[in-house]
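Chemist: Sharing a structure with you now.
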Amino acid sequence: MPALPRLSVISTALICAIMLSGCSEESKMIDLVKNSRSQLDGLEMGPMLENTKVCSKPKWSYQETKRGEQYVLFECTPNADLSVISKKVKSLNDQSQNECLASIKRYEESIAKYQKEVDTISGKLQELNTKFEAFKKTDFTNSMPIFYYTRMEGGQNKILFILTLFNLSPDQWNDVFQNVKTYRYDYEKLFNYVQKLRKTTSIYAMSVASSWDSEEIEVYETLFDLPKDQCFDAWKNKVLPKLEQYHYVKPALRSTYRELTANFEKAIDRYKWDLEKPVREIEKFNRYVEREKKNLANLKNTHWTQLKDATLYVRFNVNPDKEEIIKPNGSRSGYVLRWKDGTEINQYRFYTMVPMNLERAAEQDDVRSLQYWMEGLSNPMTLKTFYQQGIKSE
């Protein structure tokens, strides 16, 4: 086998020396950290971290940040079953979904209740508006004076007025007139008929009465001899023009019209006012339903519950030139969480919601701190927040 050129041998030796120098530098800093003392109890760092009950599978490495900072990193796997966290948060998440569904059902029941109230009031309001529109078309000539005959001494009859009906349609006028004609000698029956009529129809009554002379009464009584379907036309075209008293009744009719109009408007306003509360309640509960549906959609996304594994670590910042460990400001510990979908998050020092001080736990071989860490991560809101932070950092 031919000998290698002398220059090649020297170059190879130099390369190896450089590589060994680099490896030696990293090993030197790792050994520096391993031989250092812990912050509280002054234990030797290497054996303390490598043999703690808190974690296993120790690993040392020398690394450098993008900004040129050097550090020695100790990593290990927590001695904990992380599936317990996933199962617990999944169970709590399922419970939250059930509570969300129950809230939606409860809110929808409230909506149905208030909707029923809205429908009832709206129906009454619509009915009232329909009556009001019909009332606006009222013809004053459709009013009817209600009176009865009473016997006086000497066999004479006297007419006494009860009231005037208002807002009659022509057909209603004919129907009412037939009853007035039938009961004109029976005050009690006539009075009861009118009271019943007021309660069951959209007819209004007012106390308008005046004295008719005998000629006017005779003209009115000509209606008694006509067929039912001709009475109103005869009243309007033949009798009214001859009744002087009607000129005095008209102002009262107009006054009643204005009064009834005001009553309609007040009633309509009252229904509108009554309608506002259930409408507001429906709007409010609809907002609640939408909010709960959004929550439910978020809860159904369970990727954040599927925690895969974690790594605990202690980071020792070092100065290779001075061969020293940089004094820490607070905890040097942190951890990395990884989910099954590849999401990952690094929680370092005291900035995390769920701290895990591996260095301190290893000093006292305190597995309780690991339990507390597990409990903190088992809070659904915390684990979900970590997951979302991991998504954003990707």
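Sequential numbering of the sequence shown, starting at 510, is according to the numbering used here. Idealized CB from N, CA, C, for every residue including glycine.
Using a 10 Å radius around the Cβ and a threshold of 16 neighbouring Cβ atoms, would you call M862 buried or exposed?
Modeler: Along the sequence shown, one-based indexing puts residue 862 at 353. It counts as exposed.
Chemist: When DSSP labels each residue in this structure, what does S902 get in the three-state scheme?
Modeler: By 1-based counting over the sequence shown, the position of residue 902 is 393. In the structure shown, S902 sits in a helix (DSSP, three-state: H, G or I).
Chemist: Could you check if T765 is buried or exposed, using at least 16 other CB atoms within 10 Å of its CB as the buried criterion?
Modeler: For this step, residue 765 is matched to residue 256 along the sequence shown. It is buried - the Cβ of T765 has at least 16 other Cβ atoms within 10 Å.
Chemist: On a Cα-Cα basis, can you pick out the residue from N855, P750 and K781 that is closest to T650?
Modeler: To locate residue 650, count along the sequence shown from 1; it is residue 141. Ranking the options by Cα distance to T650, first place goes to P750.
Chemist: Is the beta carbon of W744 closer than 8 Å to that of L762?
Modeler: The residue given as residue 762 occupies position 253 in the sequence shown. The residue given as residue 744 occupies position 235 in the sequence shown. No, Cβ-Cβ distance for L762 and W744 is not below 8 Å.
Chemist: Checking the sheet assignment: what are the DSSP bridge partners for Q856?
Modeler: Residue mapping note: residue 856 aligns to position 347 of the sequence shown, counting from 1. Its beta-bridge partners are Y844.
Chemist: Look at the alpha carbon of S530 and the alpha carbon of Q880, and state the distance between them as a whole number of angstroms.
Modeler: To locate residue 530, count along the sequence shown from 1; it is residue 21. To locate residue 880, count along the sequence shown from 1; it is residue 371. Caution is warranted here: a pLDDT of 47 is assigned to S530, below 50, making its placement in the model unreliable, and the coordinate value is therefore given only provisionally. Their Cα atoms are separated by approximately 43 Å.
Chemist: For G577, count the other beta carbons within 10 Å of its own beta carbon; 16 or more makes it buried, fewer makes it exposed. Which is it?
Modeler: Position 68 of the sequence shown, counting from 1, holds the residue named residue 577. Per the 10 Å Cβ criterion, exposed.
Chemist: With DSSP as the reference, label K793 as helix, strand or coil.
Modeler: Taking the first residue of the sequence shown as 1, we reach residue 793 at position 284. K793 falls in the helix class under three-state DSSP.
Chemist: According to the Cβ coordinates, are F675 and Y729 closer than 8 Å?
Modeler: Working through the sequence shown from its first residue, we reach residue 675 at position 166. Working through the sequence shown from its first residue, we reach residue 729 at position 220. Against a cut-off of 8 Å, the Cβ pair of Y729 and F675 comes out as no contact.
Chemist: In its own chain, which residues sit with a C-beta less than 8 Å from the C-beta of Q873, not counting the 5 before and 5 after it?
Modeler: For the purposes of this step, residue 873 is identified with residue 364 of the sequence shown, where counting begins at 1. Around Q873: D550.
Chemist: Helix or strand or just coil, what does DSSP make of S909?
Modeler: No statement about residue 909 is possible, as the shown extent of the chain runs from 510 to 903 and does not include it.
Chemist: In three-state DSSP terms, what is S530?
Modeler: Here the question's residue 530 lines up with position 21 in the sequence shown. At S530 the pLDDT is 47, less than 50, meaning the model places this residue with poor confidence; the figure from the coordinates comes in the next sentence. Looking at S530 - three-state DSSP - the assignment turns out to be helix.
Chemist: Per DSSP, which one or two residues make a beta bridge with S592?
Modeler: The count along the sequence shown starts at 1 and reaches residue 592 at position 83. In DSSP, S592 forms no bridge with anything.
Chemist: How long is the line joining the alpha carbons of A870 and N602, rounded to whole angstroms?
Modeler: Reading the sequence shown from its first residue, position 361 is the one you call residue 870. Reading the sequence shown from its first residue, position 93 is the one you call residue 602. Roughly 31 Å separates the two Cα atoms.
Chemist: Between which residues of its own chain and V703 is the CB-CB distance below 8 Å, once the five residues before and five after are set aside?
Modeler: On the sequence shown, residue 703 is found 194 positions in, with the first residue counted as 1. By the criterion of a C-beta distance shorter than 8 Å, V703 is surrounded in its chain by I655, I671, L672, L674 and A714, once the five residues flanking it on both sides are discounted.
Chemist: Give the DSSP-derived three-state secondary structure of M961 in the structure shown.
Modeler: A query on residue 961 cannot be resolved here, the shown segment of the chain reaching from 510 to 903 and no further.
Chemist: I want to see whether chain D comes within less than 8 Å of Q739, judged by CB atoms only; does it?
Modeler: The structure shown contains no chain D, having only a single protein chain.
Chemist: Rank I834, G899, L808 and V542 by C-alpha distance to the C-alpha of Q604 and give the top, closest one.
Modeler: Numbered from 1 along the sequence shown, position 95 holds the residue referred to as residue 604. Nearest option by C-alpha distance: L808.
Chemist: DSSP three-state call for E471: helix, strand or coil?
Modeler: Any answer about residue 471 is impossible in this case: the structure gives the chain only from 510 up to 903.
Chemist: Quick one: what's got a C-beta closer than 8 Å to L769's C-beta in the same chain, skipping five residues either side?
Modeler: By 1-based counting over the sequence shown, the position of residue 769 is 260. Cβ neighbours of L769 beyond the five flanking positions: F644, F675, N676 and Y713.
Chemist: Rounded C-beta distance between I791 and I620? I'm assuming under 8 Å.
Modeler: Counted from its first residue, the sequence shown places residue 791 at position 282. Counted from its first residue, the sequence shown places residue 620 at position 111. Contact flag correct, Cβ pair sits at about 6 Å.
Chemist: Check S723 in the structure and name its three-state DSSP category.
Modeler: Against the sequence shown, residue 723 aligns to sequence position 214. The answer is helix: DSSP assigns S723 an H, G or I state.
Chemist: Helix, strand or coil: which one does DSSP assign to M557?
Modeler: In the sequence shown, residue 557 corresponds to position 48, counting from 1. In the structure shown, M557 sits in a helix (DSSP, three-state: H, G or I).
Chemist: To the nearest whole angstrom, what separates the beta carbons of L867 and S842, a pair I think is in contact under 8 Å?
Modeler: The count along the sequence shown starts at 1 and reaches residue 867 at position 358. The count along the sequence shown starts at 1 and reaches residue 842 at position 333. The pair is a contact, with the Cβ atoms about 4 Å apart (cut-off 8 Å).
Chemist: Could you compute how far the alpha carbon of E884 sits from the alpha carbon of D590?
Modeler: The residue labelled residue 884 in the question sits at position 375 within the sequence shown. The residue labelled residue 590 in the question sits at position 81 within the sequence shown. So the two alpha carbons sit approximately 12 Å from each other.
Chemist: Roughly how far, in whole angstroms, is the beta-carbon of V827 from the beta-carbon of I835, given that I think they are within contact range, below 8 Å?
Modeler: Indexing the sequence shown from 1 puts residue 827 at position 318. Indexing the sequence shown from 1 puts residue 835 at position 326. The Cβ separation is near 6 Å, so the contact holds.
Chemist: Do you know offhand how far M890's Cα is from L552's?
Modeler: Working through the sequence shown from its first residue, we reach residue 890 at position 381. Working through the sequence shown from its first residue, we reach residue 552 at position 43. Near 37 Å, if we compare the C-alpha coordinates of L552 and M890.
Chemist: Identify whether Y780 lies in helix, strand or coil by the three-state DSSP scheme.
Modeler: Position 271 of the sequence shown holds residue 780. Reduced to three states, the DSSP call for Y780 is helix.
Chemist: Cβ atoms of D738 and N683: under 8 Å apart, would you say?
Modeler: Position 174 of the sequence shown, counted from the first residue, corresponds to residue 683. Position 229 of the sequence shown, counted from the first residue, corresponds to residue 738. The answer is yes: Cβ separation under 8 Å.
Chemist: Output the distance between the C-alpha atoms of K803 and T811, rounded to the nearest integer angstrom.
Modeler: Here residue 803 is taken as the residue at index 294 of the sequence shown, counted from 1. Here residue 811 is taken as the residue at index 302 of the sequence shown, counted from 1. Near 14 Å, if we compare the C-alpha coordinates of T811 and K803.
Chemist: For T894, which option in S840, W813, K599 and S592 has the closest C-alpha, if you only look at C-alpha atoms?
Modeler: Position 385 of the sequence shown, counted from the first residue, corresponds to residue 894. Answer by Cα proximity: W813.
Chemist: Is L516 helix, strand or coil when you go by DSSP?
Modeler: As a position in the sequence shown, residue 516 is number 7, starting the count at 1. For L516, the predicted model reports a pLDDT of 39, less than 50, meaning its position is unreliable; a value from the coordinates is still stated below. It is helical.
Chemist: Assuming F825 is part of the beta strand (DSSP E), what are its boundary residues?
Modeler: Translated into the one-based positions of the sequence shown, residue 825 becomes position 316. Note, F825: beta strand (DSSP E), L816 to N828.
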